[in-house]
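Working notes, structure below.
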Amino acid sequence: QYNLGKAEGNEFVDDGFQHIRYNYQTNDWLAWEAFTQLQYNQLIKLKMRWLLGTGPRFRLYKKSKSQFYLGTLYMFVYNEESTEEDGQTVFLRDHRLSTYISFRLKPTEQILFSGTTYIQPVLNDFSDLRVSTQTSMLFKISSTLQFTTHFRLVYDSDVPEGVLNTIYQLTNGLRWNF
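Every number in this note's numbering is 3 more than the matching position in the sequence shown, counting from 1.
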């Protein structure tokens, strides 16, 4: 995913994100996950963030129209951030717990809700915390056209000077399947 937005020569969005996740299903209620992620976001002074993690994913509930999962993973994080004063790069390395809950609900054939919330404290300092959540709704208008809405919120307790701790985004769109 890559986002770039400009107005009158000023950038108001400039970020990129790649995420790869592999699940190995060990039985009907347990999977082992491994993932890696690479991202940058110039507007929050994140030059680069690289994640590598692994751990179990538990199925809490699954029926035909609803599913709930819990993940409890270990994650290594490498960050390169810019400082406010002189633009120098600060290098950070953290060992974090990455706990998440995810859900998928389909109350009707036309509506689908899904979401995931992550809580990611540093292992030796739970006050250094990241929380992120993404919730989506898809409404089927016809067999090929769907309305989508996505809400995303990210909170980070330890950000570079001049960067907001909480960032949120709401996007709506139309999806055409062919």
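No residue lacks a Cβ here, since even glycine has one placed at the ideal position from N, Cα and C.
Everything numeric in this text was worked out from a predicted model, so none of it was measured.
With distance defined between alpha-carbon atoms, name the residue in D97, P59, Y64, Y103 nearest to Q137. The residue with the shortest Cα to Cα distance from Q137 is Y103.
Can you tell me whether I114 is helix, strand or coil according to DSSP? Correct three-state label for I114: strand.
Considering Cα atoms alone, identify which of M78, F79, L95 is closest to T86. Closest by alpha carbon: L95.
Give me the residue from M78, T92, T75 with the minimum Cα distance to E84. With distances taken between Cα atoms, E84 lies closest to T92.
Taking 7 Å as the limit between beta carbons, can you name the residues of its chain near T75, skipping five residues before and five after? Its chain contains G58, P59, T102 as the residues whose beta carbon lies nearer than 7 Å to that of T75, once the 5 sequence neighbours on both sides are disregarded; these appear in chain order.
According to DSSP, residues forming a beta bridge with D161: DSSP, once it has assigned bridges, lists no residue as partnering D161.
Using the beta-carbon count (16 or more within 10 Å), is K48 buried or exposed? With 16 or more other CB atoms across the displayed protein chains lying within 10 angstroms of its CB, K48 is buried.
Alpha carbon of F154 to alpha carbon of L141, nearest angstrom: Between the alpha carbons of F154 and L141 lies a distance of about 12 Å.
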